[in-house]
Each structure stands twice: as C-alpha cells, then as structure tokens.
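Participant:
There are 2 protein chains.
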Amino acid sequence: MRAEIISVGTEILLGDILNTNAQFLAKELAAIGIDVYNQTVVGDNEERMLKAFKNAFEKCDLIVATGGLGPTPDDLTKETAAKFFEQELVVHEESWKHIESYFNKSGRIMEGSNAKQAYFPKDAVVLPNPNGTAPGAILKKDEKMIVVLPGPPKEMKPMFINHVVPYLQQYSDTILVSKVLRIFGIGEGVMAEEISDIINGQSNPTVAPYAKERDVTLRITAKARDEEEARKLIKPVEDKIRERLNDNIYGEDDVTLEEVVAKMLVSNKLTIATAESCTGGLIAATLINYPGISEVFMEGAVTYSNDSKMQRLGVKSDTLEKYGAVSEETAGEMAEGIAKKAGTRVGISTTGIAGPGGGSTDKPVGLVYMAIHIDGTTLVRKFNFQGSRERIRQRATMNALDWLRRELIKKFNN
Amino acid sequence: MRAEIISVGTEILLGDILNTNAQFLAKELAAIGIDVYNQTVVGDNEERMLKAFKNAFEKCDLIVATGGLGPTPDDLTKETAAKFFEQELVVHEESWKHIESYFNKSGRIMEGSNAKQAYFPKDAVVLPNPNGTAPGAILKKDEKMIVVLPGPPKEMKPMFINHVVPYLQQYSDTILVSKVLRIFGIGEGVMAEEISDIINGQSNPTVAPYAKERDVTLRITAKARDEEEARKLIKPVEDKIRERLNDNIYGEDDVTLEEVVAKMLVSNKLTIATAESCTGGLIAATLINYPGISEVFMEGAVTYSNDSKMQRLGVKSDTLEKYGAVSEETAGEMAEGIAKKAGTRVGISTTGIAGPGGGSTDKPVGLVYMAIHIDGTTLVRKFNFQGSRERIRQRATMNALDWLRRELIKKFNN
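Protein chains in written order, with this note's numbering: chain D, 3 to 416; chain A, 3 to 416.
1) If I measure Cβ to Cβ from residue 406 (chain D) and keep anything under 8 Å in the same chain, skipping five residues before and after, which residues do I get?
2) Taking beta-carbon pairs under 8 Å, can you tell me which members of the segment 384-411 of chain A lie near chain D?
3) Could you tell me whether the Cβ of residue 29 (chain A) comes closer than 7 Å to any Cβ of chain D?
4) Taking C-beta pairs closer than 9 Å, name the residues in chain A that residue 301 (chain D) reaches, listed in chain order.
5) For a contact defined as C-beta to C-beta under 7 Å, what are the partners of residue 296 (chain D) on chain A?
6) Would you call the segment 113-121 of chain D and the segment 45-59 of chain D touching, i.e. three or more CB-CB distances under 8 Å?
7) I'd like to know whether the C-beta atoms of residue 305 (chain D) and residue 277 (chain D) end up nearer to each other than 7 Å.
8) Could you give the distance in angstroms between the alpha-carbon of residue 45 (chain D) and the alpha-carbon of residue 76 (chain D)?
9) To the nearest angstrom, report how far apart residue 122 (chain D) and residue 66 (chain D) are at their CA atoms.
10) Please report the straight-line C-alpha distance between residue 91 (chain D) and residue 209 (chain A), rounded to a whole angstrom.
11) Taking any Cβ of chain D, which residues in the segment 355-372 of chain A have a Cβ under 9 Å from it, in chain order?
12) In terms of alpha-carbon separation, which member of D:402, D:267, D:178 and D:201 lies closest to residue 228 (chain D)?
13) Leaving out five residues before and five after residue 84 (chain D) in sequence, what residues of the same chain have Cβ atoms less than 6 Å from its Cβ?
14) Run through the segment 177-263 of chain A for me and flag every whole alpha helix (DSSP H) of 4 or more residues, listed as ranges in chain order.
15) Of the choices A:377, A:362, A:393 and A:355, whose alpha-carbon is the least far from that of residue 384 (chain A)?
16) So if DSSP puts residue 380 (chain A) in a beta bridge, which residue, or which two residues, is it bridged to?
17) Short of 8 Å in beta carbon distance, which residues of its chain neighbour residue 390 (chain D), apart from the five on each side in sequence? Order them along the chain.
18) Identify the contact partners of residue 422 (chain A) in chain D, using a Cβ-Cβ distance below 8 Å as the criterion.
19) Can you list the alpha helix (DSSP H) stretches of 4 or more residues lying completely in the segment 311-370 of chain A, in chain order?
20) With 7 Å as the threshold, decide whether the Cβ of residue 207 (chain D) is near any Cβ in chain A.
21) Quick one: using the 10 Å Cβ neighbour count with 16 as the cut-off for buried, is residue 257 (chain A) buried or exposed?
22) State the start and end residues of the unbroken alpha helix (DSSP H) segment that holds residue 55 (chain D).
23) Apart from the five residues on each side of it in sequence, which residues of its chain come closer than 7 Å, Cβ to Cβ, to residue 78 (chain D)?
24) Chain A beta carbons: is any one of them nearer than 7 Å to that of residue 286 (chain D)?
25) Please say whether residue 301 (chain A) and residue 329 (chain D) have beta carbons closer to each other than 7 Å?
26) Could you spell out the range, first to last residue, of the beta strand (DSSP E) harbouring residue 64 (chain D)?
27) From residue 343 (chain A) to residue 380 (chain A), what does the alpha carbon distance come to, in whole angstroms?
28) Less than 8 Å between the CB atoms is what I'm expecting for residue 15 (chain A) and residue 28 (chain D), so what's the real figure, rounded?
29) Comparing alpha-carbon positions, which option in D:296, D:323 and D:341 lies nearest residue 314 (chain D)?
30) Looking at chain E, which residues of the segment 33-48 of chain A have a Cβ within less than 8 Å of any of its Cβ atoms?
31) How is the alpha helix (DSSP H) around residue 6 (chain A) delimited, first residue to last?
32) Please list, in chain order, the chain D residues whose beta carbon lies closer than 9 Å to that of residue 212 (chain A).
33) My understanding is that residue 200 (chain A) touches residue 243 (chain A), with C-beta atoms under 8 Å, so please give their C-beta distance in whole angstroms.
34) What does residue 26 (chain A) touch in chain D if you count any residue whose Cβ is under 8 Å from its own?
35) Please state if the CB of residue 297 (chain A) and the CB of residue 268 (chain A) are separated by a distance shorter than 7 Å.
36) Considering Cα atoms alone, identify which of A:143, A:176, A:164 and A:249 is closest to residue 184 (chain A).
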C-alpha cells in the first residue's frame, strides 16, 4: 500500500508552525510497512485540496490528511474528502453526543458551528477523539481511502495510534521494527567509520547513524512479518555494534543520559552534590529531570563569583589568585568543597568561559575545567567546546554527565 | 509571484528528519510578498521529481527546491531540474575552483564524485556556498524558475538570505514586515478576547495570536511597498494593543523573558541569589543564559533535601516540621536565607511538588510556593501547575522570572 500525507492549513503553508505531524505520520506509516510516496501541504481551500487528492491518487491508494476538522467555515477537509468521493454527509449520533458532553463537561454550551463536526459520510469509519471535539474518519471508495485527522498533535497522535494503525495493518503484511542505540563521547563521523563495514554490509536490518542535538544515535531497522522475527534480525547486528562501540553506547531508544546516570547513582546509593560556575545550575537541573534523584541528590551550588567559591565551597583565595577561577586547581577544590559541605560521596564541578566575552589567548571562550570527587579521590579534566554561550554550557553539562557515567562504570562494573 | 516549496529527500519522506527547511522558506518567501501555494516532499527519484515539477508549474511560477545537491548518484535535484527545462550541464569554472579549494583547506583531495557539484546549465545563476561544497542555482526557462538549494540548513539558510532573496525581490512589489509582541501571564484565549476587536477589525496589518511553548505571542504583519511604510501601518495598532495588554507584554521579537529580567537587574545594579528546590537549578541556569548576568548574579543554591535547606539557607527546623518543606513559610525563609548568606539585595526561592510522585490531597503534584525577597521585604505566592514533571518545573521557572519582572517594574518604574 502506498500513501501520501497531506497536511492542510494555511499556518503550515506560511511557515507559522512547523509541520511535526507529517514527520510523525511518515514514521508510523513506515513502521507498519506502508510506503510513503509523497508529502504535501495545502491551504484551507476546496479547489486546491481537490487537486491535491487527485494528484495523490494517481500514484497512491491511501491519503492521510491532518487539519481542517475544526468548527469554522475555514475547516473543509472532511467536507472536501466527501465531495471528492461523491458522498453525502449525515449526522453521526455518537459523535453528536460526544461533542455535546464535551461542552457540558467544560461548562460551555455546544454552538451551532460545532454541530458540523458530527457529520460524516454514511459508510465512513468514525474515529473517536477523547482529547477534543473533532472526531476523525476513514472514508473509502472502491480501492481508495482518505483518512482525515484533527490537526493538533495531542488529538491526532493518539487517534492515529489507537484507531488508524490497527485498521491499516490489515492492508500490510510486513512491519518495520527499529531499535535505537544512543551514543555519547564519539562524533558521528568517527562512529560511522568504526562500523562502516556493518553499515554497508546490511540490508535487513539497515543501520543508520544520526547526529542529534544532544548525542549521536544509530537506528537498526528490520523488516519482517512480525515483531519477533524482526527482533531476531536485529539482535546479532546489535551485538556486533555493541562489541565495537562498547561504553560509548549509553542507552537504548528514548532513554536520556541523565536518566542513565541518575539510575546508577540511586542504585548504588551514591549521594551527590554539584558545584557549578559556567554551567550555572544546568547539571543540577538536568539530573533533577529524573524523579527518583531526590534519594541521592543532596545539594547544588551555583557559585558564579569568586566570593561564593570561597565562602560556599572553601576554595582557597591563594588558588584563585595564583591559578584563576578557570583552572584545574579551582575545579578540583570546588568538587572537593561541595562534597565536604554537603556531606556527599560524589561532588562534581565546572568552571569555564562560556562566552561570548571573557576569553583570552591563554583561556579562550569554550575552555572548561571539570572535576569529579568520588569517595576521597579527585579527578580533573580540561575540555574545549565550540559554539554559542548556550551551546558551550549544554555541551559542558552533557560531557560532565557522560564523564560521571564512565567513572561509575569503572567503579561498579569492574 | 506564486511559489511551491519542494523538499527532496528520502529521510524527510520517511520521517527521519523534521522538515524545518520548508518552514524557514515559507516564512521568508511570505516576507518578500511571494505567495506560497503548496509545499511538497519527494524522495530522491527522477521520475517523481519530474512529476512534482510539472504539478507545481500548473499553478506556480517559482519552485524552491532543497536537498539532493550532494556528490552521490542519489543526489539528483539539479540534474532533474535541468532535464525538466531541457538544459545541458556544463562545468562552471568558479564552482570547480571553490570545491577544489574547499577540499584543499580541509587537507583532503577532491574526488571525482564531487566534480558533479560544479556542473550547471550555461545560463543558470550559480549561488556560492561558503559553508559547504554544493553551490546552489537559479534555473530559468520562459517565465518559470527553479531555485535549487542544498539540504543542510546551515548551508541553505545563508544562501537563501544572501543570494535568493535579493534576486527574487525584483519580481515582487510588496513586502511583508512583522513585529512580534511577547506576552506572559495571560493565556492565549484571554488575550485574544481582550483584543478581539483589534484582531477582527484589521486587515492591514493583520494581528495573529500564537500560543508557544514558553509564552504567547502576537504577530502584527503589514503589507507595504517598503519597510518604512509597513512600520507606519504597524505603529498605531501596536500602540492600541500595548494600551490594552500593558505589562503582560514583556518584550518584542526574539527577546527572551530571562534577558528582559537580567537586563533590569543589571541596569539597576540589583544583586541576586537563588534558592531552588523543585526547579532544581533551572532558574539560575535560565538567568545565566544572559551573558552580562555575572555582574549581579552572586550565587545559586539547589537545596533539595531538608538538611540543605536548614544548613545552607537557615530555614528553621520548626518551620519544616510545622508547615512542611512545601509551604509558604519555607519558601519565605528560603528566599530570605539565600539573600542573607549571599549578601544580595534580591533572593528568589521555589519549593513544590514536581511529580510524578509525592503528591497528596492537601499538596497535589504541581503545587509550588515561591518567594521573592527584595531589599528587606519578602513576598510569597502559591501556584498550581499542570502537566509532566518537566513541564511543571519549566512553568515554575518562567513564572518565577515573570513575577520578578513585575516586581522590578513596580519598584523602579513607579
């Protein structure tokens, strides 16, 4: 089965909003083995929509359209799809009741304009919408199918997953299953080189590297008749990759680096405190994304000024004078100091130049010293990051967490 | 002039990457008065691309295509555009030299496959690419035009702004100029109601509200022959809106809430320290986004445990016992405590239940107390936020900054 995704809406056409729906649908359709042949964006205009439907059905059997199911006269998608198939709209009792009760619950009165959302072609499969007033629908004529879905992602996504996917699966005899490996500590290029023979030698599963904002991922995708068969195809390739990339792989699928580190801290009952200068609280804020962290996270200090480094962390004024605030020595005393003051087994610190100003030849923008103090031992490392102030602080934060992850592996897995 | 945006690439078609290029181009084309009629995504396939070009030119005079200018045989966009216009590709000396020197600089040797990036139709306008090897081009035949641009946003965007916009402006006699007002503290619905007469009464400029992740914006867009005329149309409408929404408007265009607050602190030489529990360092990290903040930001404390609230901030154990960590009283003592310990004029604190666990009937997930201590006076407020842990922490952070902004306005502008 071949599909075209049609996104309806002037606000997408004019670039006011980013078309995330199309990406979501493309991925989900591919995952159930439906080939996405084309994606189109059209404005809320009957003539253009009719033309888009006509073009799409020249090569495809399925159109998935999002947007234009609202109550205003601008919202035309369902009406246009029905017109294209020459089907009449009649009231759908269940939807009428749903919309009525939706309004009652929120203490409002159903307006005449909302009634239009309860009209569908007689033979359409109506898709319930627990998250809004507009039901979706599957319209059919001969071998062609138009699925109309609401535009807001929080209404569209669950409707697609819960109702459209099960319906479409009858038309597909293969599925795609993916597993994502998440990697930190080596760049996309180096990684791709290390496993180029695996990437090039594979057709099922395929192996595709992606450079993301925060990390690098490898997606292993298998095509099979069912999930079990797909998993069997993925396993040996995954094993080979893991052998090659080792600890650079920090997790799978949707896990985050902070979640991995936080879980290691919690499961080993390792209390931690943070002392941040250039990262300004980002390490603490990132770790605290993980709900269970309160068991081990005792305290964070954002010590931006020299005064606060001395008073809060006990950094010596000699050290600051002799080596400067951005130095190996200061980083080390910061990590030791926070662990001591907070009474934790781990202390982690950053001090650096996030820019845009404040750099020099000796200490350029992007220079960051970090220290990890762990059960009495202090380690210090020097990093050089590139980019904007925000980028440097983000990279420093992620690198601090990754370094801590590697130290914890050394400590507990050897 | 009417345009269609065609994004070429299997990775967009399959949903592997989000199509941000189309949004960028849609906005930029609208800004120079070119009507975007349609957006399409096609795979790297000659036949499909030819069909997409044909469809587009039925209604449009201009195609802006991105992607498929790389060195591999998969990269077909330029070749297909030339084929569509029946134009032959010949070597373009300047591009050849550019690609050669690009490789030399990075210490690599130009490969045969890269040579193809230096071939263009004889009459094409070649667009230089300082950020990569693939030049873009403007191909023309009769009244039709195809602009081909590289896919990577960091190559495409500057090429479009620096070379395509000036070229296309000769075909347009109107421009669109927008001004964005940024709003915090009232929802999109309430705001739209407050100014519904202004929104509905306007056609040039138009006034459009948008709910964003962090705030709400109003975009005022005027169509005119030049920027000056457009600004004159915007001014009276902006004034009317400002009168109505007042301090809910915190800034214009791309400014952020933290930048506004940080600038107020710096210009009034108001030193500040933060004491965060549920926000876990996010207020500090957000304020420190602003580079000049080091002049006034003295110290931040992430006091997650009761112990750290007592030892670091001097919160009384009585207070914690009697009212709990999440209480008006604790929030107040936290803000006072951090201001005292850090020796600052302002102290700001948060304590709350970010979830997902830890809520009760009395103190549900989303309950957050905040305090602002400013020159000896302590104010406390109670908030209830909805959503995920991350969302609650984000909303709490933004609301803390907005509250501080309003207190600073009271203090310094009255």
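Every residue, glycine too, gets a C-beta built ideally from N, C-alpha and C.
Facilitator: Answer, in terms of the structure:
1) 263, 348, 350 and 374, listed in sequence order.
2) Those residues of the segment 384-411 of chain A that come within reach of chain D (Cβ to Cβ, closer than 8 Å) are 391, 392 and 395.
3) Under the Cβ criterion of 7 Å, residue 29 (chain A) is counted among the residues facing chain D.
4) For residue 301 (chain D), the residues of chain A that pass the 9 Å Cβ criterion are 303, 304, 305, 306, 307, 309, 310, 313 and 314, in the order they occur in the chain.
5) Correct list: 306.
6) At 8 Å Cβ cutoff, the stretches do not touch.
7) Contact: yes.
8) Going from the Cα of residue 45 (chain D) to the Cα of residue 76 (chain D) covers about 10 Å.
9) Using only the alpha carbons, I get a separation of about 16 Å.
10) Annotation: residue 91 (chain D) to residue 209 (chain A) spans about 34 Å, alpha carbon to alpha carbon.
11) So the close ones are 356, 357, 358, 359 and 360.
12) Ranked by Cα distance from residue 228 (chain D), the options D:402, D:267, D:178 and D:201 are led by D:178.
13) Excluding residues within five positions, the ones whose Cβ falls inside 6 Å are 91 and 123.
14) The qualifying runs are 190-196, 198-202 and 229-247.
15) Selected option, being the one with the closest Cα: A:355.
16) According to DSSP, which records beta bridges pairwise, residue 380 (chain A) is partnered with A:375.
17) Counting only Cβ-Cβ distances below 8 Å, and skipping sequence neighbours, we find 357 and 358.
18) Residue 422 (chain A) is absent from the model: chain A starts at 3 and stops at 416.
19) The segment 311-370 of chain A is shown to contain whole alpha helix (DSSP H) runs of 4 or more residues at 319-325 and 330-344, in chain order.
20) Taking Cβ atoms only, chain A never reaches closer than 7 Å to residue 207 (chain D), which makes this a no.
21) By the neighbour-count rule (16 or more Cβ atoms within 10 Å), residue 257 (chain A) is not buried but exposed.
22) Per DSSP, the continuous alpha helix (DSSP H) segment holding residue 55 (chain D) begins and ends at 48-61.
23) Same-chain partners within the cutoff: 46, 48, 51 and 70.
24) Answer yes: the Cβ-Cβ gap between residue 286 (chain D) and chain A drops below 7 Å somewhere.
25) Not in contact: residue 329 (chain D) and residue 301 (chain A) (Cβ atoms no closer than 7 Å).
26) Taken as a continuous stretch (DSSP letters only), the beta strand (DSSP E) holding residue 64 (chain D) covers 64-68.
27) One C-alpha to the other measures close to 15 Å.
28) Contact flag correct, Cβ pair sits at about 6 Å.
29) For residue 314 (chain D), the nearest C-alpha among the options comes from D:341.
30) Annotation note: the requested chain E is absent from the structure, which comprises protein chains D and A.
31) Premise fails: residue 6 (chain A) lies in the beta strand (DSSP E), 4-10, not in any alpha helix (DSSP H).
32) Ordered by position in chain D, the residues that pass the 9 Å Cβ test against residue 212 (chain A) are 13, 18 and 19.
33) The beta-carbon separation of residue 200 (chain A) and residue 243 (chain A), rounded to 6 Å, stays under the 8 Å limit for a contact.
34) Chain D residues near residue 26 (chain A): 17.
35) Taking 7 Å as the Cβ cut-off, residue 268 (chain A) and residue 297 (chain A) qualify as a contacting pair.
36) Of the listed residues, the one whose Cα sits closest to residue 184 (chain A) is A:249.
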